[in-house]
Amino acid sequence: MTKRILLAISGSIAAYKAADLTSQLTKRGYDVHVLMTEAAAKFITPLTLQVLSKNPVHLDVMEEKIAERINHIDLGKEADLFILAPASANTIATLAHGGADNMVTATALALPADLPKLIAPAMNTKMYDNPLTQRNIAILKEVGYKEITPKSALLACGDVGRGALADLDTILQIINENI
């Protein structure tokens, strides 16, 4: 049976890497369903991810195309794994405090407790190292999320340090270990 992955993408410059992740997961035989925040859609188009995943992309929590279905609830019921990659500081904070103001956070809040959940942070070093972000990541870990630690690199802003999205091979390996 094909494993279903919910790939949630939040607003980070690293969102463009989600196209390669989607492609690699699909090529490995996973059924990939993409969720995006509106900020993520500013970095990469839903159409790109739809073509690569061969599934509709879910962007608007209020858009219900099938009357009998509540997307942000049903998607989680049908999933074998949830991954937020890249995970922005904003989305991590919203999740850690139970917010559900977009498709990604509403779906994440409605996930079954026993579903494997991964977050792959990607942000500026100072944002990642900020005690508030670290506290929010700790809260998510307490409720069952596993962090795919960001790497140190030259960041898009020109700073050098921890905060770059983990390498694709690392993310794929951790997905395989958790599904």
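In full-length UniProt numbering, the protein residues as written are 1 to 179. Glycine included, C-beta positions come from ideal geometry on N, C-alpha and C. As the structure is a prediction and not an experimental result, all values here were calculated from the model.
Of the choices the options, whose alpha-carbon is the least far from that of residue i?
i           : options                  : result
A41         : A138, A14 and A108       : A14
residue 183 : D159, L155, T149 and S10 : Outside the displayed range of the chain (1 to 179) lies residue 183, so it cannot be described from this structure.
V160        : L21, N130, T94 and N124  : N124
D74         : N55, H97, L59 and P112   : P112
G158        : K126, V143 and A166      : K126
L59         : R28, D101 and E78        : D101
G76         : R135, N176, I175 and I5  : I5
Taking Cβ to Cβ, would you say residue i is nearer than 8 Å to residue j?
i    : j    : result
F82  : L115 : yes
Y30  : K3   : yes
T22  : V32  : yes
L140 : A96  : yes
Between which two residues does the alpha helix (DSSP H) harbouring residue i extend?
i    : result
P46  : P46 to S53
D169 : L168 to N178
With a threshold of 8 Å on Cβ separation, who are the neighbours of residue i within its own chain once the five nearest residues in sequence on each side are excluded?
i           : result
G11         : T37, E38, A39, A40, K42, F43, S88, N90 and T91
residue 211 : Residue 211 lies beyond the residue range present for the chain, which begins at 1 and ends at 179; the question has no answer from this structure.
L155        : N124, T125, G161, G163 and A164
N178        : L81, P116, L118 and K146
residue 227 : Shown here, the chain extends from 1 to 179; a query on residue 227 therefore has no answer.
Once the 5 residues before and after residue i are set aside, which same chain residues still bring their CB inside 7 Å of it?
i    : result
H72  : V61, M103, A106, T107 and A110
Y128 : P121, P150, R162 and G163
G98  : L109
T170 : I148
A166 : A120, I148, T149, P150 and K151
I'd like the list of long-range same chain contacts for residue i, defined as Cβ closer than 6 Å, with 5 residues on each side in sequence excluded.
i    : result
V34  : L7, L49, S53 and V57
L84  : A8 and I119
S152 : G161 and R162
T94  : T105
A18  : I9
Looking at the secondary structure, which residues open and close the beta strand (DSSP E) in which residue i lies?
i    : result
G161 : V160 to A164
query = In chain order, which continuous runs of the beta strand (DSSP E) of length 3 or greater are located wholly inside the UniProt domain "Flavoprotein" (3 to 151)?
reply = Contiguous beta strand (DSSP E) elements confined to the UniProt domain "Flavoprotein" (3 to 151) occur at 4 to 9, 31 to 36, 81 to 87, 117 to 121 and 145 to 147, taking only those with 3 or more residues.
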